[in-house]
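In this note's numbering, the protein residues as written are 3 to 300.
In structure tokens form, the structure reads like this:
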């Protein structure tokens, strides 16, 4: 068989020179023409921009709410470690609790309006529009974040209630009366402690101070119970909002899992294709004559 490798190399060099000359001519023609700079203009979506701004604002508000919850925890921890100026500490705790309630109620109203706007956009653009899907995802994420923040606040209020209950019991022991946790809860539920007061004997300076502390702790426990009832009402609203989005979240999760399984199948198909390409008889026959082509296809 005649070796035609040298002829092939000559033809390849001539073809490369021709392509290079053609490319140079086209570049010269392009330089001679008048090419004016053109700016790329993107279409602005005011609805999406407003939705993202509102979502970012609500996230900042949730961050402030978490900071208030952390302040409440520190106040409770400080109250357990000191025996002086407790009334000032609990007044500050009540103020923090009031701020948290106002923030949470405002966030619930904003979330409700956000979801209503998402529904309006869905009616206009359809459920598969990008702005609708982004609004749906933002609503679900913010609802979940607010629910977690309120759970942290509820835990902080429970800690403060336990702290008040323990101090109530300690002051009662000073007056010679052992009070169980159930009795304290019953007095708080009834809103008074007349029967318990009759059994106390507030004589002496220490006893009078303990009696005063008991009155203050009882008042604080009643205020805490009122705040906890408000928190539970907010929890019910959030639970209903999250429950409405439950089927949508399950659908998103199903799509993500299906995509993952499809990607695994695609990877296996690619591996099989590479294996069969390496076994291609044309590649095996021509690999000795065309090393450059072998490298490009291998």
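Don't be surprised by glycine CBs; every beta carbon is placed ideally from N, CA and C.
query, result
"For residue 56, which residues from the same chain have a beta carbon less than 7 angstroms from its beta carbon, with the 5 sequence-adjacent residues on both sides left out?", "116"
"Considering only their Cβ atoms, is the gap separating residue 113 from residue 141 smaller than 8 angstroms?", "yes"
"Would you please state the rounded distance, in angstroms, between the beta carbons of residue 63 and residue 123? I believe it to be under 8 angstroms.", "With a Cβ gap of about 22 angstroms, residue 63 and residue 123 do not count as contacting."
"Where residue 98 and residue 74 are concerned, what is the direct C-alpha to C-alpha distance, given to the nearest angstrom?", "7 angstroms"
"Looking only at C-alpha atoms, which of 52, 274, 165, 157 sits nearest to residue 72?", "157"
"With the cut-off set at 8 angstroms, would you say residue 120 and residue 137 are in Cβ contact?", "yes"
"Just mark residue 268 as buried or exposed, buried being the case when its beta carbon has 16 or more other beta carbons within 10 Å.", "exposed"
"So, with DSSP's three-state summary, where would you put residue 39?", "Bear in mind that the predicted position of residue 39 carries a pLDDT of just 48, short of 50, making it unreliable; the figure below should be weighed with that in mind. Coil at residue 39, not helix or strand."
"So, under 8 angstroms CB-CB, residue 78 and residue 161 are touching, yes? Tell me the CB distance rounded to an integer number of Å.", "5 angstroms"
"Are the CB atoms of residue 70 and residue 133 within a distance shorter than 8 angstroms?", "no"
"Does DSSP classify residue 182 as helix, strand or coil?", "coil"
"Go ahead and pull the three-state DSSP assignment for residue 131.", "coil"
"Given this structure, state the Cα-to-Cα distance separating residue 272 from residue 280, to the nearest angstrom.", "12 angstroms"
"With a threshold of 7 angstroms, establish whether the CB of residue 58 neighbours any heavy atom of the ligand SAM.", "The ligand SAM is not part of the structure shown, which contains no ligands of any sort."
"Nearest to residue 107 by CA position, among 127, 128, 95, 151, is which residue?", "151"
"Counting only beta-carbon separations shorter than 8 angstroms, does residue 140 have a partner in chain C?", "Any reference to chain C falls outside this structure, which holds one protein chain only."
"Could you compute how far the alpha carbon of residue 105 sits from the alpha carbon of residue 144?", "14 angstroms"
"Quick check on the burial criterion: 16 or more other C-beta atoms within 10 angstroms. Buried or exposed for residue 42?", "Below a pLDDT of 50, predicted positions are generally treated as unreliable, and residue 42, at 41, falls in that range; no measurement from the model is reported."
"If you measure between the beta carbons of residue 181 and residue 171, is that distance less than 8 angstroms?", "yes"
"Is the beta carbon of residue 183 sitting closer than 8 angstroms to the one on residue 167?", "yes"
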